[in-house]
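Chains as they are written, first to last, in this note's numbering: chain F, 1 to 296; chain A, 297 to 592.
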């Protein structure tokens with residue numbers, strides 16, 4: 001049920017266009033490409049408003065998804081298309097990890113916190129992960145450059161949910177020259193101190209916990225100091241992962257206070273960790289990035 | 297990742313609450329129940345804005361999905377929640393067929409136009425379908441009464457997509473005392489003359505084509521005469537099923553002219569048959585039903 005016509009934006013031989021669907025006043029596209037950073041084929045979705053399809057440069061938002069997700073989840077259930085159509089914003093959803101690497105058995109559902117669907121947006125230093133699990137380099141160098149070369153992007157904000165909220169804070173504050181705005185929903189705020197993050201980081205980095213701190217969003221924010229005019233973080237009050245201590249939102253608040261980084265942190269009574277929360281917050285996040293793009 | 301608390305609306309023992317998620321200013325619920333009409337367990341989703349959760353009566357929209365879908369597709373990808381939250385509208389998505397009937401083998405993917413996911417919103421008269429495939433009675437009697445008994449509904453509009461667009465037109469014009477408004481996206485307008493419908497109706501009704509006409513939306517509309525102030529139909533211009541002649545939109549237009557039934561029929565260049573089209577049109581359809589609810 002998809003169109004298959006080629007668009008002029010997709011002439012670059014690095015990109016294979018997988019689908020195009022008209023959606024509001026724009027198009028939802030999917031692409032795959034061979035990544036050098038992950039030595040694996042990677043897939044991403046990109047929503048292009050009509051302004052971008054006409055070649056006019058637009059602000060863009062890079063959205064990082066959470067554990068177990070791929071590009072589909074937010075593209076189907078995140079409800080970003082209408083607001084991006086209205087404001088003329090490009091919205092990109094990459095995958096959360098490489099998927100094709102027969103040399104690593106990561107298909108164990110009980111270990112969903114590491115491997116496929118769990119790249120944590122870091123470059124692994126331990127075998128067997130080092131060859132493929134280089135998601136930081138993939139996102140901030142390879143995909144970033146590819147997107148800016150291929151699509152009419154003025155500037156880019158970064159946002160994410162859960163593990164992807166950790167990713168947007170981590171990459172936003174490690175690479176402030178690349179992004180003009182940062183936001184997160186239900187972020188894992190202290191990966192080095194959460195049980196999910198600790199299990200992933202033991203695999204990706206080994207036992208040296210001092211190293212883990214370089215990949216902990218709150219510690220990176222505290223060390224980086226103020227990098228953005230303001231960041232927006234939303235957290236559901238009935239989120240079971242928040243209530244069980246996996247997210248540690250207060251550590252991000254403390255880090256922002258220490259760094260004098262203005263933070264709008266909102267708690268939402270009754271909201272959980274699901275895509276129903278993501279869709280409920282999405283318009284506010286897109287508007288946050290849009291306002292920051294106007295200032296820049 | 298779902299809450300599981302019981303809501304006061306779900307005290308009726310006929311309904312089993314499967315999930316509750318806070319979503320915008322309201323909640324997305326799922327329920328299952330044992331249906332007499334289909335002699336099968338049936339599942340539906342219902343979005344309840346805060347007004348309804350507080351017990352205030354609200355207008356409702358019954359959404360009928362297309363071939364191969366269940367209640368999940370539109371609930372995940374239809375983007376109705378924000379607009380229903382804003383306007384205070386209840387939105388119900390039933391399944392498209394019974395699912396549990398070991399006596400009928402309907403798991404053949406090549407025959408997706410009949411059986412599971414393909415109830416066509418009719419009551420079958422031929423074996424082996426008669427026991428379970430009674431979707432018209434299920435929707436307009438059993439589920440309708442259950443919804444009005446269980447939830448604070450003022451009045452109900454009916455809408456749908458593709459096979460569900462056929463369903464909304466068919467049931468809306470056969471049962472105008474039950475619904476205050478009708479709309480459809482990409483409807484199968486002449487099921488008795490489309491290859492999908494013909495294959496389904498041969499199974500459900502046998503070879504008597506005169507009987508099929510009673511379950512053909514355009515013929516029912518023409519026969520019923522004007523029943524609604526206005527109906528809204530949207531059709532994508534790049535919809536492959538439209539282009540291949542499965543939908544026969546012009547027959548609905550002719551039937552409405554004959555019946556003097558006001559019809560707003562809009563074609564949308566570039567749009568296909570997918571959920572990207574549904575989400576693009578959804579707000580307009582919800583507003584159509586909301587305006588009709590204000591008039592009634």
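Glycine is no exception: its CB is placed at the ideal position from the N, C-alpha and C atoms. Since we're looking at a predicted model, the values are computed, not measured.
Practice item. Determine the closest residue to residue 388/A out of 378/A, 473/A, 563/A, 360/A, with distance taken between C-alpha atoms. Key: Nearest of 378/A, 473/A, 563/A, 360/A to residue 388/A, Cα basis: 360/A.
Point to revise | First and last residue of the uninterrupted beta strand (DSSP E) at residue 528/A | key: That run of the beta strand (DSSP E) goes 527-532.
Point to revise | Touching by the beta-carbon criterion (3+ pairs, under 8 Å), the segment 255-273 of chain F and the segment 229-244 of chain F | key: The segment 255-273 of chain F vs the segment 229-244 of chain F: in contact.
Review point. Does DSSP put residue 321/A in a helix, in a strand, or in coil?
Key: If DSSP states are grouped into helix, strand and coil, residue 321/A belongs with coil.
Practice item. Please classify residue 363/A: does DSSP put it in a helix, a strand, or coil? Key: It is coil, neither helix nor strand.
Review point. Is the distance from the Cβ of residue 457/A to the Cβ of residue 532/A below 8 Å?
Key: No; because the gap between Cβ atoms is not below 8 Å, this pair is not in contact.
Check your understanding: How about residue 362/A: is its C-beta nearer than 8 Å to some C-beta of chain F?
Key -> Using a CB distance cut-off of 8 Å, residue 362/A does not count as an interface residue toward chain F.
Review point. What is the DSSP secondary structure of residue 272/A, counted as helix, strand or coil?
Key: Outside the displayed span of chain A (297 to 592) sits residue 272/A, for which this structure offers no information.
Check your understanding: residue 296/F: which of 275/F, 223/F, 69/F, 155/F sits nearest, CA to CA?
Key -> Checked all of 275/F, 223/F, 69/F, 155/F; the closest Cα to residue 296/F is 155/F.
**Study point:** For residue 160/F: DSSP bridge partner residues
**Key:** Here residue 160/F is bridged, per DSSP, to 64/F, 184/F.
Check your understanding: DSSP state of residue 121/F, grouped into three classes?
Key -> The three-state secondary structure of residue 121/F, taken from DSSP, is coil.
Review point. If you drop the 5 nearest sequence neighbours on each side, which residues of the same chain put their C-beta closer than 6 Å to that of residue 595/A?
Key: Nothing in the structure corresponds to residue 595/A, since chain A is present only between 297 and 592.
Practice item. Determine the DSSP secondary structure at residue 450/A, reduced to helix, strand or coil. Key: Per DSSP, reduced to three states, the secondary structure at residue 450/A is strand.
Practice item. Whole angstroms is fine: what's the gap from residue 507/A's alpha carbon to residue 349/A's? Key: The straight-line gap from Cα to Cα measures roughly 43 Å.
Exercise for review: State the CB to CB distance for the pair residue 413/A and residue 365/A, rounded to an integer number of angstroms; the pair is presumed to be in contact (CB under 8 Å).
Suggested key: Sure, about 6 Å apart at Cβ, within 8 Å.
Check your understanding: Touching or not, the segment 11-23 of chain F and the segment 111-127 of chain F, by the rule of three or more beta carbon pairs under 8 Å?
Key -> Two segments are said to touch when three or more pairs of C-beta atoms, one from each, lie closer than 8 Å; by this definition the segment 11-23 of chain F does not touch the segment 111-127 of chain F.
Check your understanding: Terminal residues of the continuous alpha helix (DSSP H) containing residue 587/A?
Key -> Per DSSP, residue 587/A belongs to the alpha helix (DSSP H) from 571-591.
Practice item. Could you check what DSSP says for residue 314/A in three-state terms: helix, strand or coil? Key: Of the three classes helix, strand and coil, the one that applies to residue 314/A here is strand, per DSSP.
Review point. Between which two residues does the alpha helix (DSSP H) harbouring residue 539/A extend?
Key: Run containing residue 539/A: 536-539, per the alpha helix (DSSP H) assignment.
Check your understanding: Which value, in whole angstroms, describes the spacing of the CA atoms of residue 415/A and residue 227/F?
Key -> Going by C-alpha positions, residue 415/A is about 57 Å away from residue 227/F.
Practice item. Please report the Cβ distance between residue 214/F and residue 187/F, rounded to the nearest whole angstrom; I am assuming they are in contact, meaning their Cβ atoms lie under 8 Å. Key: Going by Cβ atoms, the distance from residue 214/F to residue 187/F rounds to 17 Å, so no, they are not a contact pair.
Check your understanding: Would a check of beta-carbon distances place residue 279/F closer than 8 Å to chain A?
Key -> Among the residues facing chain A, residue 279/F is included, as its CB has a counterpart in that chain under 8 Å away.
Check your understanding: Roughly how many angstroms lie between the CA atoms of residue 82/F and residue 372/A, to the nearest whole one?
Key -> About 15 Å.
**Study point:** Assumed close pair residue 42/F, residue 95/F - CB separation to whole angstroms, cut-off 8 Å
**Key:** Correct: roughly 6 Å between the Cβ atoms.
Review point. When you compare only the Cα positions, how much space is there between residue 588/A and residue 455/A?
Key: When rounded, the separation of the alpha-carbon atoms in residue 588/A and residue 455/A is 13 Å.
**Study point:** Local Cβ density within 10 Å of residue 127/F, reported as buried at 16 or more and exposed below that
**Key:** Exposed, by the Cβ-count rule.
Check your understanding: Name the chain A residues that come within less than 7 Å of residue 76/F, Cβ to Cβ?
Key -> Going along chain A in sequence order, the residues near residue 76/F (Cβ under 7 Å) are 372, 373.
**Study point:** Beta-bridge pairing of residue 42/F - partner residues as DSSP gives them
**Key:** Answer by DSSP bridge pairing, in chain order: 33/F.
**Study point:** Contact set between the segment 495-521 of chain A and chain F, restricted to residues whose Cβ is under 9 Å from the partner
**Key:** Cβ contacts with chain F: none found.
Check your understanding: Looking only at its own chain, which residues have a Cβ that is under 7 Å from the Cβ of residue 396/A, when we skip the five neighbours before and after it?
Key -> For residue 396/A, where only same-chain residues beyond five positions count, the Cβ hits under 7 Å are 336, 337.
Check your understanding: Smallest Cα separation from residue 241/F: which of 209/F, 89/F, 190/F, 206/F?
Key -> Across the set 209/F, 89/F, 190/F, 206/F, the C-alpha of 190/F shows the shortest separation from the C-alpha of residue 241/F.
Point to revise | Residue range of the alpha helix (DSSP H) that includes residue 190/F | key: It is not in any alpha helix (DSSP H) - residue 190/F carries neither H nor E in the DSSP assignment.
Practice item. Could you work out which residues of chain F lie near residue 317/A, taking near to mean beta carbons separated by less than 7 Å? Key: Result: 272, 274, 276.
Practice item. Identify which residue in 152/F, 238/F, 278/F has its Cα closest to the Cα of residue 74/F. Key: Comparing Cα positions, the closest option is 278/F.
Check your understanding: Does any C-beta atom of chain A lie closer than 8 Å to the C-beta of residue 96/F?
Key -> In terms of beta-carbon proximity, residue 96/F stays away from the interface with chain A, with every pair separated by 8 Å or more.
**Study point:** Amino acids of chain F, ordered along the chain, whose beta-carbon sits closer than 7 Å to that of residue 320/A
**Key:** Taking a Cβ-Cβ threshold of 7 Å, the residues of chain F close to residue 320/A are 280, in chain order.
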